[in-house]
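Everything below concerns the one structure shown next.
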Amino acid sequence: MDALRAAAAAALEYAATVDARPAYPASDAIAGLAAFDEPMPETGADVADTLRLLDRAGSPATVASTGDRYFGFVVGGVHPAALGAAWLADAWDQNAALPVMSPVAARLHDVVRGWLVDLLHLPPTTGVVFTTGATVANATCLAAARDALLEREGWDVQADGLFGAPPVTVVVGAHRHSTLSKSLGLVGLGRRRVVEVPADDEGRLRAERLPDVTGPVLVCAQAGEVNSGAFDPFDAIADWAAGRDAWLHVDGAFGLWALADPSRAELVAGLDRADSWATDGHKWLNVTYDCGIAFVRDPAALRRTFTAVAGYLPGDDAAFEAMHHTPQSSQRARQVEVWAVLRALGRAGVADLVRRTSDTARAVADRLRAGGVDVLNEVVLNQVLVRLDDEAATAALVAAVQADGRLWCGATQWHGRTAMRISVSSWKSSPADAEDIAAVVLECADRARTR
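In the working numbering, the protein residues as written are 2 to 452.
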């Protein structure tokens with residue numbers, strides 16, 4: 002127990018000081034990771050010494066993504082409620098696969114499902130399951146969609162596979178996220194075997210260019226283009242899907258949380274008309290990694306695809322059994338942290354989180370424009386895309402910001418050219434920080450332009 006107390010103290014110290022750490026570890030800290038390069042012990046090392054080594058060599062080499070100056074990869078900083086819940090849940094070490102394996106996980110799943118469906122204004126019967134991240138959440142929804150569509154054609158995918166099955170036409174936008182394509186590959190629908198619909202300058206699918214197709218149809222829309230934050234026109238896509246009895250899926254890795262903010266009503270119009278939705282809890286909700294969430298309007302579609310039968314497994318049709326609704330059987334109780342953050346924030350707090358971070362992004366964009374930096378997107382959410390005079394200067398800006406250490410932002414490609422992306426996703430960010438954030442970027446822009 003003394004070793005655990007020491008580890009807990011080190012974790013508390015890290016959490017208390019993370020805002021003062023560089024956004025990215027220094028080179029000497031990364032070099033210090035060589036301390037881990039040792040032969041595997043023959044007889045085992047002391048637990049306390051092992052945990053001390055982990056803290057001593059590992060903590061300085063972490064990316065301070067839980068700090069208040071990290072704006073890369075749409076990464077949120079862990080909320081205190083999530084961190085505390087994670088510590089307790091790790092001590093519990095519950096398997097959330099079945100109610101009999103963890104009554105507390107089962108009850109919290111039921112509570113969180115109701116809270117999330119209500120918070121996001123989704124159909125009240127919607128099924129909710131937890132996965133490793135939005136990639137697997139997307140794959141979970143797409144597998145359920147595939148099986149439901151083919152069942153209408155008289156084909157049982159789970160019994161007979163996809164060999165000889167009627168073809169499913171998959172319709173996607175030109176600016177779909179790469180993980181959606183990965184998910185399509187995972188469920189056997191193919192990364193390239195798609196009908197691609199052009200996008201507008203902000204990355205939104207152009208609904209007027211949706212194809213005239215028949216047969217089993219799966220259309221994938223997007224809530225939050227990964228660079229611009231733009232939202233597809235969901236009502237128009239849903240109208241098109243309804244006319245073809247198509248399944249409409251929405252990839253909303255971070256953007257789905259905009260449903261919680263009443264001020265985004267115009268942005269999310271029609272989003273509730275989909276058949277399935279995927280998001281991450283470890284992005285905007287700021288729980289720990291990993292936590293994907295899949296929503297399916299008809300939960301029976303999840304059970305059709307993922308049910309597992311074995312003689313030693315109990316059956317309880319009256320209770321939700323996670324292992325029969327997700328790709329994985331054994332699974333950690335991700336709902337514990339989600340419950341803790343939702344309870345700590347409340348409905349108003351989640352709305353404020355979305356609004357405050359989006360307002361911060363808009364304020365940063367305004368300040369950068371005033372300072373002579375090109376802002377490339379309409380800032381409708383938490384994403385800001387910037388570029389300097391040319392490709393070389395923009396690359397130099399990214400390098401300067403990352404070398405400076407006070408912030409961390411990443412490079413991306415936008416319409417075939419390099420840009421820098423600023424993703425405001427942490428619960429710690431507010432419009433009051435915008436001036437300081439912009440000041441660092443503008444200082445680095447001056448250095449990049451004079452190189």
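Idealized CB from N, CA, C, for every residue including glycine.
Residue i and residue j closer than 7 Å at C-beta
{"i": "L187", "j": "W248", "result": "no"}
{"i": "S184", "j": "L120", "result": "no"}
{"i": "R22", "j": "A65", "result": "yes"}
{"i": "R335", "j": "F131", "result": "yes"}
{"i": "D391", "j": "C445", "result": "no"}
{"i": "R305", "j": "D148", "result": "yes"}
{"i": "Y15", "j": "W409", "result": "no"}
{"i": "D262", "j": "A349", "result": "no"}
{"i": "D91", "j": "D20", "result": "no"}
{"i": "A320", "j": "P100", "result": "yes"}
{"i": "L211", "j": "V195", "result": "no"}
{"i": "A394", "j": "A323", "result": "no"}
{"i": "G191", "j": "L163", "result": "no"}
{"i": "A254", "j": "A145", "result": "no"}
{"i": "V310", "j": "A275", "result": "no"}
{"i": "A4", "j": "A36", "result": "no"}
{"i": "V380", "j": "L369", "result": "no"}
{"i": "L117", "j": "V171", "result": "no"}
For residue i: DSSP bridge partner residues
{"i": "Q336", "result": "Q336 pairs with nothing; no bridge assigned."}
{"i": "W116", "result": "None, per the DSSP bridge assignment."}
{"i": "N96", "result": "R333"}
{"i": "Y25", "result": "Looking at the DSSP assignment, Y25 forms no beta bridge with any residue, so it has no partner."}
Counted within 10 angstroms of its Cβ, other Cβ atoms place residue i as buried (16 or more) or exposed
{"i": "S179", "result": "exposed"}
{"i": "W93", "result": "exposed"}
{"i": "G293", "result": "buried"}
{"i": "H416", "result": "exposed"}
{"i": "A295", "result": "buried"}
{"i": "T133", "result": "buried"}
{"i": "R205", "result": "buried"}
{"i": "T126", "result": "exposed"}
{"i": "A440", "result": "exposed"}
Which of helix, strand or coil DSSP assigns to residue i
{"i": "W415", "result": "strand"}
{"i": "L386", "result": "strand"}
{"i": "N139", "result": "helix"}
{"i": "T170", "result": "strand"}
{"i": "R422", "result": "strand"}
{"i": "W428", "result": "coil"}
{"i": "Y15", "result": "helix"}
{"i": "T395", "result": "helix"}
{"i": "G128", "result": "strand"}
{"i": "D20", "result": "helix"}
{"i": "V351", "result": "helix"}
{"i": "V365", "result": "helix"}
{"i": "W409", "result": "strand"}
{"i": "D375", "result": "strand"}
- Message: Suppose only complete runs of 4+ residues qualify. What are the alpha helix (DSSP H) ranges in the segment 256-326, listed by chain order?
- Response: 300-307
- Taking only runs that begin and end inside the segment 181-268, name each unbroken beta strand (DSSP E) of 3 or more residues, in chain order. 196-198, 218-223, 248-252
- Task: Write down every uninterrupted run of the alpha helix (DSSP H) in the segment 50-111 whose length is 4 residues or greater and which is fully enclosed by it, in chain order.
- Result: 81-93
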